[in-house]
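Positions 51 to 236 (this note's numbering) are the ones given, in order, by the sequence shown.
A short write-up of the structure that comes next.
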Amino acid sequence: MKLSLFARASGKKSEIKKIRREGNVPGVLYGVKQEAKNIYIQGAELDAVFRTLKAGLLSTTVFTLQEGDKTLKALVKDIHYHPTTYAVQHIDFLMLEDNTPVSVNVPIVVLGASECPGIKLGGFSRQVIRHLEVRCLPKHIPQQFSLSIHDLQLSQAKRLSDIEVPASVRPLAKNMKEVAIVIAKR
């Protein structure tokens, strides 16, 4: 995903309002070895990128940011939406360094509910944990983790230890936490 960045002078409220009136999105770019920098992105370009992005994968998508002749790699670390229109109001980017590990919330997708014996017996599945926080180098960031529940009976669960995590990725949660469970209806 590629976006163009533009520097903005300050964080004054009047300037931020002017940027939003012009249809652009103010933001901040920061990194481990860099001080925070005020930026803005063209709103139409950001909307076009977000439309092509698969739902739920914003936290693991690495963006290529073009600022003049400089190219940077970054992750979206925080995003603020308007409370009624859901338009993007502000966006924070974390600049990635090739040799510096980063913490990322990776979505967990539960698969196999249609073949699950516990659901066929009248139960339903409940996903308890939707993201797994991991630490890894930027080149090893997984898009998502998949967990199959096709073999669960009623009152059985799958845990974080059942997710196949690559050796280059270190999970930051305890392996015994339940991710998905099949429960009987009352």
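Cβ atoms here follow ideal geometry from the backbone N, Cα and C, with glycine treated the same way.
Asked: Burial state of residue 118 (16 or more Cβ within 10 Å); Found: exposed
Asked: Option in 133, 108, 135 and 169 with minimal Cα separation from residue 124; Found: 108
Asked: N-terminal and C-terminal residue of the beta strand (DSSP E) that residue 214 is part of; Found: Careful: residue 214 lies outside any beta strand (DSSP E) and carries neither H nor E.
Asked: Residue 117 - partner residues in DSSP beta bridges; Found: 120
Asked: Contact check, residue 158 vs residue 181, beta carbons under 8 Å; Found: yes
Asked: Among 228, 193 and 144, the one whose alpha carbon lies nearest that of residue 209; Found: 228
Asked: Boundaries of the beta strand (DSSP E) in which residue 157 is found, first to last residue; Found: 152-161
Asked: Residue 87 to residue 70 span [Cα, whole Å]; Found: 18 Å
Asked: Cβ neighbour criterion (16 or more within 10 Å) applied to residue 74; Found: buried
Asked: Bounding residues of the alpha helix (DSSP H) (the contiguous stretch that carries residue 96); Found: 93-102
Asked: Contact the stretch 192-199 vs the stretch 211-226: 3+ CB pairs below 8 Å; Found: yes
Asked: Option in 156, 163, 176 and 169 with minimal Cα separation from residue 185; Found: 156
Asked: Cβ-Cβ distance between residue 82 and residue 169 below 8 Å; Found: no
Asked: Distance CB(residue 160)-CB(residue 177) smaller than 8 Å; Found: yes
Asked: Straight-line Cα distance separating residue 55 from residue 66; Found: 15 Å
Asked: Start and end residues, alpha helix (DSSP H) containing residue 168; Found: 167-170
Asked: Beta-carbon gap between residue 162 and residue 200 smaller than 8 Å; Found: yes
Asked: Where the alpha helix (DSSP H) through residue 52 begins and ends; Found: Here residue 52 belongs to no alpha helix (DSSP H); instead the beta strand (DSSP E) covers 52-57.
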